[in-house]
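Heads up, the thing below is written out as structure tokens.
4 protein chains.
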Amino acid sequence: MKVTKQRKIRVGVLGATGTVGQRFVEALVEHPWFDLAVLTASSASAGRSYGEACRWQLSADIPSPVVDAVVQPTEPDVDCEIVFSALPGDRAGPVEEAFAAAGYGVFSNASAHRQDPDVPLLIPEVNPDHLGLIRTQRAQRGWTRGFIATNPNCSAAMLTMALAPLHAVFGLKSVLVTTMQGLSGAGYPGVPSLDALDNVIPFIGGEEEKLSSEPRKMLGQLNEGKIDLADFLISAHCNRVPAREGHLETVSVALLRPATPQQAIEAWQTWRPLPQELGLPSAPHPPIVVRPEPDRPQTRVDRQAGRGMAVSVGRVRPCEVADIKFVLLGHNTIRGAAGASVLNAELMVAQGLVGISESASQRISE
Amino acid sequence: MKVTKQRKIRVGVLGATGTVGQRFVEALVEHPWFDLAVLTASSASAGRSYGEACRWQLSADIPSPVVDAVVQPTEPDVDCEIVFSALPGDRAGPVEEAFAAAGYGVFSNASAHRQDPDVPLLIPEVNPDHLGLIRTQRAQRGWTRGFIATNPNCSAAMLTMALAPLHAVFGLKSVLVTTMQGLSGAGYPGVPSLDALDNVIPFIGGEEEKLSSEPRKMLGQLNEGKIDLADFLISAHCNRVPAREGHLETVSVALLRPATPQQAIEAWQTWRPLPQELGLPSAPHPPIVVRPEPDRPQTRVDRQAGRGMAVSVGRVRPCEVADIKFVLLGHNTIRGAAGASVLNAELMVAQGLVGISESASQRISE
Amino acid sequence: MKVTKQRKIRVGVLGATGTVGQRFVEALVEHPWFDLAVLTASSASAGRSYGEACRWQLSADIPSPVVDAVVQPTEPDVDCEIVFSALPGDRAGPVEEAFAAAGYGVFSNASAHRQDPDVPLLIPEVNPDHLGLIRTQRAQRGWTRGFIATNPNCSAAMLTMALAPLHAVFGLKSVLVTTMQGLSGAGYPGVPSLDALDNVIPFIGGEEEKLSSEPRKMLGQLNEGKIDLADFLISAHCNRVPAREGHLETVSVALLRPATPQQAIEAWQTWRPLPQELGLPSAPHPPIVVRPEPDRPQTRVDRQAGRGMAVSVGRVRPCEVADIKFVLLGHNTIRGAAGASVLNAELMVAQGLVGISESASQRISE
Amino acid sequence: MKVTKQRKIRVGVLGATGTVGQRFVEALVEHPWFDLAVLTASSASAGRSYGEACRWQLSADIPSPVVDAVVQPTEPDVDCEIVFSALPGDRAGPVEEAFAAAGYGVFSNASAHRQDPDVPLLIPEVNPDHLGLIRTQRAQRGWTRGFIATNPNCSAAMLTMALAPLHAVFGLKSVLVTTMQGLSGAGYPGVPSLDALDNVIPFIGGEEEKLSSEPRKMLGQLNEGKIDLADFLISAHCNRVPAREGHLETVSVALLRPATPQQAIEAWQTWRPLPQELGLPSAPHPPIVVRPEPDRPQTRVDRQAGRGMAVSVGRVRPCEVADIKFVLLGHNTIRGAAGASVLNAELMVAQGLVGISESASQRISE
């Protein structure tokens, strides 16, 4: 797949200075299909250069292509086709609607619209067909060109990746999950160091609710313009641990059709989702890395697998209470946030669902 | 309860220089009933002062009463009645037997004999009646005065404390537990800092097996000199996290007779175990601290509850998959190791089961 | 020295809910001479119980004597004689003056008045005679009973403790110091965990200036109601490190009269300051702990020396550039903050300088 | 500069499984001039695949080109021209000599031969002319083709980089340095986590001695086949801090000819060393990054500057005791170890000093 430089799609990042916003910038600054043309932030930062407005966390220096970019206010009059939203959950709702109404394609990492019945909650490997909701969305909301597509909560993203092949092959009955979530999930300044160091905090506001509900929507069926939730139970215990990035999860799963650990591993290893078939730029190969070691995946060691887009799974074994149990790990601000949104956009581009003056399918040639 | 100084019982610590050994010394150096008279270590350390042989971790200075004590080899000819064993699991087995055969009361933190059918695996709050096994033990092994009593694995200790009142009141069907265990549980030098910092390791050798089996023995019934295991299932996921001390556990429990979170809290708060009734010196009041805050217990904040002997419980709520779920926390090297053993010894002293020239019941006066 | 309960002096803590405020509460809640009668905080917290208003950091539970105390606004009409100020530096100045003008003895941990020429900057071991400034202060400000006495910046407190005996015996020419300061020094929420973990930050706002100037005032001479600064140079490099509490400092000192490391050690070990002679309740014995080990003092291991009030010194050796070099450590929120202020108050009580209806010397009997 | 693939020089790594050995593998596995053909380790690992023998720390997976490579014993009969030595200091001495005697070019990170009068202690940016010692070395030791070239101690490497332009322009009189060194400097398993977490250890065995002597050799003059040490004093305080990688150093410098901070900055920014002029593959551009922010460089944020090969300098300001003071940071296992050795080899290749059948100058074409 080849996209010539002059045909790159102009994109923007809403809320570009925060922890997730920076991950969007990192993912887009040299993207083969997208031209990062717009960075927005709160009015306090608007008008300043990105270099001044942003306390860059990811490396010694802000990437040079954006260091002098002028930060714009978060208003739906920016010069681009697609916006990626790293806005905080409590502000994202109406702002994202305004952008969609103004004709932008909105790819949101915020939770505001995830549970709207007409908004796809999307993992390209898991439920690409849920993009069908966008037709309903536009019809119901009176939008012609704009739309909102969301990616899930970070912990739910990696869990759903691991569950999808099991759900397809064996059927899920119930899932009991305990998360050990890295500090970057709380944003910046986020968790005070006096609370983080030498401690575990067994609570993250709203997290367990998202983790109990989002996978059921993503693994649900699209029927006549709406999603029937998948019929299984999820119970979550969410914890903050003093690791910088990476969410580790222990999972016990009861299945409709019994499976051995080896059969589960085969389900993961033979999984061939659409983004990998399409060769989307951000799609990891393989999407799920099955670790054979007795003590892996580990947060620090494995979080960069597949450039942060793969989910690592290990310690697959029978569960004394459910059927099988295992450990999974993913990068919370890449697969769990910015990278997820970018992959969503790549999927829609590849399927000709995003574009303005010419069809996106023309834009992309093999 | 009052024990005059001249009647203190002479005790020793086997393997006194390690992480758990130091906790034994800390617990015993000013104990009201025990006189810490013997410290043993490997032959490399024997003959040196404790101050020289031990890399003390717990405070700036080794307690002055033991700094000049001469470390003795771990041989069953030391001058005391009771020994506390902090020996490593792979060496503890025959050494503890030799001490018991020589007439010592052995209180062991090692796993070697925990599953022996004639050895009590004891938590004084939970199964004090299991001391009845000592009669069987002596009969079968031909020991007249010596014996072995063990305390459980650290993670199992706190879990079983929290489960005991639920088991008594509602009956347990199954338990799904994920642990987040502090670094001191691996001893010294233990976990390399390059593995610990900014990481979670989802594996601890042998831990899940212990956690799946020990609670069932402790919550079992003593019948005609043997224990019938309690009839419920436990599945464990054990993880090492970068906290210094304290093991946090998330627990989902299915019950025989349904209970609300509030009923579970009442079961914990109305629990009146024997050590608290007897006023044993190391018994915490209350044995289980129920935290009302939404984000507690936390490892660093709550591990010292009850001077490290209490178990803190919080976030009690309905479980979508089982019946109720909650978080618990305990201090792994105090309630989970040295403090547990010392409390075992206090129980036997209070019940007149330990003593030499005169009955222990005489030794202890109200 | 004995103070009967009915004669305890009523004291208050201004800004009682913060990191240093909590250390004041901890130090005062069971103090033999003081009755902790007043807790103040910002108007947002006033009227609530201390248990509700304060996010207690120091142990599982807020000390029971204060948990239900009603927090008062920080106004100079509280019912006590002495107030300890844990107010932030930018607000402390006028508030402390208002309290002093209203007749309260103000013991301040804030930097606002430290460099006022008529305000003593006090370490009871180092410059108790500087209390003579209070006469000047009252005369100049028209205060009859109230006053302000300050304790130094945390890093300066421990450095000055270690320098004082060297200054007295050998004379100081220059001091080059690098600090490695724990996170609690920044208060709560303070340093974000994303900045703290796996990092060193080589900058702490205002710290190097304080560290360069405060020791020279404390080691200066009181002459006719004013302080002549000590005549030596200090250069400081201040760094934030991911340790919870404790400030470690490496120090190279040039002396007027050359000394060997052994002579410096003797100067520390033979130092007999006034608080220790008077037996003040918070005075550590010894005030300076000289560690003989090659790798001590260490932050975590030694910060509690002397219940956080001692300064530990080690690795005393010749310096290739100056004369001698060494490492020192102190507890930043105890000796470096709340404990320092409490010791100041104890000194003034013991010297009969604080009291209302009867002389403080009567109040205190041997 | 272009090197065709068939002309790559075969190289090996001695001690390839340790912390520094892994950094060598990382630096060499896709190197444009070198073909990583040999990996050696202790006899316990020899014969196993590198994937089995090595506990890889740097990413999720061992680089695929070496995962199946068979580890060889560390004997001077391996099939390559150059060996990089990551051997531990106590074993490196005779082994490296044996390799050099057998004709290999030995680039060593070990300290064993650094102070040999006929062995260059090399930083290509600082003292490339010291390679002239190799002629002396061969003559004295009777080696015809082999040789030993060493890189400095990690802390000395970055300090000397920063000092070199100051020495050249202003002349050095004395240097007082305090280091805050990351954990990886101690190798694996290295520092136990119980010693590292929430702590600073003010001692690293042998480090202060190296830091006081090595810069004087590197900044010395080559005269008639031997080095005259540079004539200035260094005093070092070395500390271990709980950061993963990166050594931060605070430095106070007295100069022969006074300089302002701005003049020092200009000396760094106008420095044009040989490796950058030659375009050596591992040479960073610029070699010294001057940070303008008030709180930089920081360990985590800046250690990867120049792919770990640059030294970052900041907070340049007048020193109250010396002339100027500043902070510097470098990556200890890249610029301070493996990367340094690889750059040494690149320099010798570029200068035609390494090669076998044809001259290296032929081998390398612009």
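These protein sequence lines map, in sequence, to chains G, C, D and E. All residue numbers for the first sequence refer to this note's numbering, where the first residue is 720 and numbers rise by one. All residue numbers for the second sequence refer to this note's numbering, where the first residue is 720 and numbers rise by one. All residue numbers for the third sequence refer to this note's numbering, where the first residue is 720 and numbers rise by one. All residue numbers for the fourth sequence refer to this note's numbering, where the first residue is 720 and numbers rise by one. No residue lacks a Cβ here, since even glycine has one placed at the ideal position from N, Cα and C.
Problem - Entirely enclosed beta strand (DSSP E) segments - the segment 939 to 1013 of chain E, minimum 3 residues - result: List check, beta strand (DSSP E) in window: 940 to 942, 945 to 947, 952 to 959, 966 to 974, 1007 to 1009.
Q) First and last residue of the alpha helix (DSSP H) that includes G/Lys-936? A) 926 to 937
Which two residues bound the contiguous beta strand (DSSP E) that contains C/Ala-788? Per DSSP, C/Ala-788 belongs to no beta strand (DSSP E) and is neither H nor E.
If the cut is a Cβ gap below 9 Å, which residues of chain D does G/Gln-1086 touch? In the structure as shown, chain G starts at 720 and stops at 1085, and residue 1086 of chain G therefore has no counterpart that could be examined.
Checklist line | 8 Å Cβ cutoff, C/Arg-976 in contact with chain G | finding: no
### Task
Please check if any C-beta of chain G sits within less than 8 Å of the C-beta of D/Gly-909.
Residue contact with chain G for D/Gly-909: present (Cβ-Cβ distance below 8 Å to some residue of chain G).
Note to self: Count Cβ pairs between the segment 947 to 960 of chain C and the segment 894 to 903 of chain C that sit closer than 8 Å; are there 3 or more?
What the structure shows: yes
- C/Pro-908 - DSSP class collapsed to helix/strand/coil: coil
Spatial distance of D/Leu-891 from C/Val-825 (CA atoms) = 59 Å
ask   = From which residue to which residue does the beta strand (DSSP E) around D/Asp-917 run?
value = Here D/Asp-917 belongs to no beta strand (DSSP E), and DSSP marks it neither H nor E.
| task | Find the residues of chain D that neighbour C/Asp-787, judging by a C-beta separation of less than 8 Å, and give them in chain order. | result | Simply none; closest approach about 15 Å.
Would you mind stating whether E/Val-845 and E/Met-880 have Cβ atoms separated by less than 8 Å?
yes
Per-residue DSSP class, three states only, for D/Pro-702: Residue 702 of chain D lies beyond the residue range present for chain D, which begins at 720 and ends at 1085; the question has no answer from this structure.
Worksheet item: For the segment 821 to 876 of chain D, which segments carrying the alpha helix (DSSP H) assignment without a break, of at least 4 residues, lie completely within its bounds, in sequence order?
Response: 852 to 860
- Could you confirm whether any beta carbon from chain G is found closer than 8 Å to the beta carbon of D/Leu-902? yes
With a cut-off of 8 Å, do at least 3 Cβ pairs link the segment 724 to 737 of chain G to the segment 796 to 806 of chain G?
Yes, since at least three Cβ pairs between the segment 724 to 737 of chain G and the segment 796 to 806 of chain G fall closer than 8 Å, the two stretches touch.
(request) Kindly list, in the order they appear in chain A, the residues whose Cβ is closer than 8 Å to that of E/Arg-963. (result) Here chain A cannot be found, since the structure's protein chains are G, C, D and E.
In DSSP terms, what E/Lys-727 is bridged to
Paired residues: none, contrary to the question.
- Query: So which residues on chain C does D/Gln-1023 lean against when the C-beta distance must stay under 9 Å?
  - Reply: Ser-778, Ala-779
TODO: Under 8 Å between beta-carbons, which chain E residues line up against G/Val-1020? List them in chain order, please.
DONE: Within 8 Å Cβ-Cβ: Gln-776, Ser-778, Ala-779.
Review point. Hey, is E/Val-732's beta-carbon within less than 8 Å of any beta-carbon in chain D?
Key: No Cβ of chain D is located within less than 8 Å of the beta carbon of E/Val-732.
- Query: Between E/Asn-1063 and the rest of its own chain, which residues show a CB-CB distance below 7 Å, the 5 nearest in sequence each way excluded?
  - Reply: Phe-826, Leu-841, Pro-843, Ala-868, Asn-870
- Task: Please list, in chain order, all residues of the same chain as G/Phe-818 whose beta carbon is under 6 Å from its beta carbon, the five residues on each side excluded.
- Result: Pro-795, Val-802, Val-825
**Report entry** Cβ shell of C/Gln-859 (< 6 Å), same chain only, five flanking positions each side left out
**Finding:** Excluding its 5 nearest sequence neighbours in each direction, C/Gln-859 has C-beta neighbours in its own chain below 6 Å: Asp-837, listed in chain order.
Please check the pair G/Val-960 and C/Val-919, which I expect to be a contact at CB under 8 Å, by giving their CB distance rounded to whole angstroms.
6 Å
* For the alpha helix (DSSP H) holding C/Val-1020, just list the boundary residues, first then last. => Taken as a continuous stretch (DSSP letters only), the alpha helix (DSSP H) holding C/Val-1020 covers 1018 to 1021.
### Message
Going by beta-carbon coordinates alone, are E/Thr-759 and E/Val-786 separated by less than 8 Å?
### Response
no
Do three or more CB pairs link the segment 979 to 989 of chain C to the segment 933 to 953 of chain G at distances below 8 Å? no
* **Rounded distance between the beta-carbons of D/Cys-873 and D/Asn-1051, thought under 8 Å** => 4 Å
Open item on the list: Can you look up G/Met-1067 in the DSSP assignment and give me helix, strand or coil?
Closed with: Correct three-state label for G/Met-1067: helix.
Would you verify that the beta carbon of C/Gly-925 is, or is not, closer than 8 Å to some beta carbon of chain G?
-> Interface criterion not met: the Cβ of C/Gly-925 is under 8 Å from no Cβ in chain G.
message: Please state the DSSP three-state secondary structure of C/Asp-809.
response: helix
What does the Cβ neighbour count give for D/Val-932, buried or exposed, with the cut at 16 atoms within 10 Å? Looking at the sequence provided, one finds Ser at residue 932 of chain D rather than Val. The residue is buried, with at least 16 neighbouring Cβ atoms inside 10 Å.
For G/Leu-902, tell me which candidate among D/Ser-912, D/Lys-929, D/Ser-830 has the shortest Cα-Cα distance. D/Ser-912
* To do: Step through the CB atoms of chain G and report whether any lies within less than 8 Å of the CB of C/Pro-1013.
  => yes
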